[in-house]
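Trainee: One structure is given below, represented as structure tokens, and several questions about it will come after.
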Amino acid sequence: MNPDAPILFFDSGVGGLSVLQPTRTLLPNAPVVYVADSAGFPYGKRSEKEIASRVPALLGRLVERFRPRLAVIACNTASTIALEHVRSALDLPVVGTVPAIKPAGERSTTRVIGVLGTEATVRQPYVDDLASRYAADCSVIRHGSPELVELAEAKLAGNAVDAADVKAAVAPMLAHPDGERMDVVVLACTHFPLLGDEMRNALPGVATVDGGLGIARRIAYLTRDQVWPTVPRSNVAVFTGLPPRGPLLGTLASFGLDEISTL
């Protein structure tokens, strides 16, 4: 294995940074290529057929260009719809992102949990299966919020996020008949952990769980016997649409992404 072979992170936007961050903590010298399919953003509003076609084709081009040692679909929507398509198309390990329903079920004492994601994610049969396997005795409140995806993108682009907008986005979960008893919410979109403070303010007394650290541990396990550069190297962020500008460049640099490219 070439020590300079990168880990490829893929998302529709900047949400996958919430997976990249814990991975860089565990593997600080790992070369990284972070890809934002900004030309296809947001996935949560696209049809399942379109995502199932677009994601494997795009990842195939990216693997050919960057020759990664491992690919991470750091997007719940893309993972729940296209993960198996990607795995069958690529000849390398592919790590997906799935809603953290198992730890939520283990943590809940009231046996009422929420699953907060995009509209496309929360309706997937995969979520049904996870809920039946790991939270069968729980009331599961599902809610899809495209607004939160947009707010997370805006925050990382340097724009102020109105706390009232975040509260309005999660209000339907709290208004559910079991909403007052909900004690854990699964952040089933990688964008949502980026709204950490705003989410805690909008869901007082409710714990949130996401898959970022678990995915990072999985990446570390799959690459445990591989060789990395002896010192950190420059990492690249790739955008399929217009390149980022302004404060977003600084945000990307704070995650170790100091080169910008387009596809």
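Just so we're aligned: the sequence shown equals residues 6 to 268 in our numbering. The C-beta atom is built at its ideal place from N, Cα and C for all residues, glycine as well. Quick caveat: nothing in here was measured; it's all calculated off a predicted structure.
1) Taking 7 Å as the threshold (C-beta atoms), are residue 166 and residue 153 in contact?
2) Please list the terminal residues of the continuous alpha helix (DSSP H) segment that includes residue 90.
3) Report back the beta-carbon spacing between residue 98 and residue 227 to the nearest angstrom; my notes put them in contact at under 8 Å.
4) Which of helix, strand or coil does DSSP assign to residue 52?
5) Look up residue 240 in the DSSP assignment and say whether it is helix, strand or coil.
6) Give the list of continuous beta strand (DSSP E) stretches no shorter than 3 residues that lie fully inside the stretch 116 to 179.
7) Quick one: what does DSSP say residue 64 is sitting in, helix, strand or coil?
8) Using beta-carbon positions only, say whether residue 123 and residue 149 come within less than 7 Å of one another.
9) If distances are taken between C-alpha atoms only, which option among 195, 220, 207, 96 comes closest to residue 23?
10) So, does the stretch 129 to 143 touch the stretch 89 to 107, judging by three or more C-beta pairs under 8 Å?
11) For a test of the three-state rule: what should DSSP assign to residue 232, helix, strand or coil?
12) Run through DSSP, which three-state label would residue 102 get?
13) Restricting to Cα atoms, I'd like to know which of 183, 36, 95 is closest to residue 260.
14) Near residue 14, which residues of its chain fall below 6 Å by C-beta distance, leaving aside the five closest residues on each side in sequence?
15) Between the Cα of residue 6 and the Cα atoms of 231, 193, 249, 144, which residue gives the shortest distance?
16) Mind checking which residues open and close the beta strand (DSSP E) that includes residue 75?
17) Can the beta-carbon of residue 265 be found less than 7 Å from the beta-carbon of residue 237?
18) Which two residues bound the contiguous alpha helix (DSSP H) that contains residue 24?
19) When burial is assigned at 16 or more other CB atoms within 10 Å of the CB, is residue 240 buried or exposed?
20) Given this structure, state the Cα-to-Cα distance separating residue 170 from residue 204, to the nearest angstrom.
21) Closest to residue 52 by C-alpha separation, out of 32, 82, 34, would be which residue?
22) When the Cα atoms are used, what is the spatial distance from residue 17 to residue 136?
23) Where does residue 263 fall in DSSP's three states?
24) Since residue 121 and residue 193 are thought to touch, with beta carbons under 8 Å apart, how far apart are those beta carbons, to the nearest angstrom?
25) For residue 176, count the other beta carbons within 10 Å of its own beta carbon; 16 or more makes it buried, fewer makes it exposed. Which is it?
26) Specify, as a first and last residue, the run of the alpha helix (DSSP H) that residue 13 falls within.
Mentor: Taking the structure as given:
1) Indexing the sequence shown from 1 puts residue 153 at position 148. Indexing the sequence shown from 1 puts residue 166 at position 161. No. Outside cutoff.
2) Reading the sequence shown from its first residue, position 85 is the one you call residue 90. Residue 90 -> alpha helix (DSSP H) spans 81 to 94.
3) What you label residue 98 is simply residue 93 of the sequence shown in a count that begins at 1. What you label residue 227 is simply residue 222 of the sequence shown in a count that begins at 1. Sure, about 5 Å apart at Cβ, within 8 Å.
4) Numbered from 1 along the sequence shown, position 47 holds the residue referred to as residue 52. Note: residue 52 maps to coil in three-state DSSP.
5) Taking the first residue of the sequence shown as position 1, residue 240 is located at position 235. The answer is strand: DSSP assigns residue 240 an E or B state.
6) 117 to 122, 144 to 149
7) Residue 64 sits at position 59 when you count from the first residue of the sequence shown. Residue 64: helix per DSSP, three-state reduction.
8) For this step, residue 123 is matched to residue 118 along the sequence shown. For this step, residue 149 is matched to residue 144 along the sequence shown. It is a contact, given that the beta carbons lie within the stated cut-off.
9) Position 18 of the sequence shown, counting from 1, holds the residue named residue 23. The option with the nearest alpha carbon to residue 23 is 195.
10) yes
11) Stepping through the sequence shown from its first residue, residue 232 is reached at position 227. In the structure shown, residue 232 sits in coil (DSSP, three-state: anything other than H, G, I, E or B).
12) Reading the sequence shown from its first residue, position 97 is the one you call residue 102. If DSSP states are grouped into helix, strand and coil, residue 102 belongs with coil.
13) Taking the first residue of the sequence shown as position 1, residue 260 is located at position 255. Taking only the C-alpha atoms, the option nearest residue 260 is 36.
14) By one-based count along the sequence shown, residue 14 stands at place 9. Once the five neighbours on either side are set aside, the close Cβ partners of residue 14 are 21, 25, 39, 77, 79.
15) One-based indexing of the sequence shown puts residue 6 at position 1. Nearest of 231, 193, 249, 144 to residue 6, Cα basis: 231.
16) Looking up residue 75 in the sequence shown gives position 70. Note, residue 75: beta strand (DSSP E), 75 to 78.
17) For the purposes of this step, residue 265 is identified with residue 260 of the sequence shown, where counting begins at 1. For the purposes of this step, residue 237 is identified with residue 232 of the sequence shown, where counting begins at 1. Residue 237 is positioned such that its CB atom lies no closer than 7 Å to that of residue 265.
18) As a first step, residue 24 is located in the sequence shown; it is residue number 19 there, counting from the start. Note, residue 24: alpha helix (DSSP H), 22 to 31.
19) As a first step, residue 240 is located in the sequence shown; it is residue number 235 there, counting from the start. The residue is buried, with at least 16 neighbouring Cβ atoms inside 10 Å.
20) Along the sequence shown, one-based indexing puts residue 170 at 165. Along the sequence shown, one-based indexing puts residue 204 at 199. In a straight line, the C-alpha of residue 170 is about 11 Å away from that of residue 204.
21) For this step, residue 52 is matched to residue 47 along the sequence shown. Minimum Cα distance to residue 52 is reached at 82.
22) The residue given as residue 17 occupies position 12 in the sequence shown. The residue given as residue 136 occupies position 131 in the sequence shown. Whole-angstrom Cα-Cα distance: 25 Å.
23) Start at 1 with the first residue of the sequence shown, and residue 263 comes out as number 258. Strand at residue 263.
24) By one-based count along the sequence shown, residue 121 stands at place 116. By one-based count along the sequence shown, residue 193 stands at place 188. Confirmed, Cβ separation roughly 6 Å.
25) Within the sequence shown, the letter at position 171 stands for residue 176. So residue 176 counts as exposed.
26) Position 8 of the sequence shown, counting from 1, holds the residue named residue 13. No alpha helix (DSSP H) holds residue 13; the beta strand (DSSP E) holding it covers 12 to 16.
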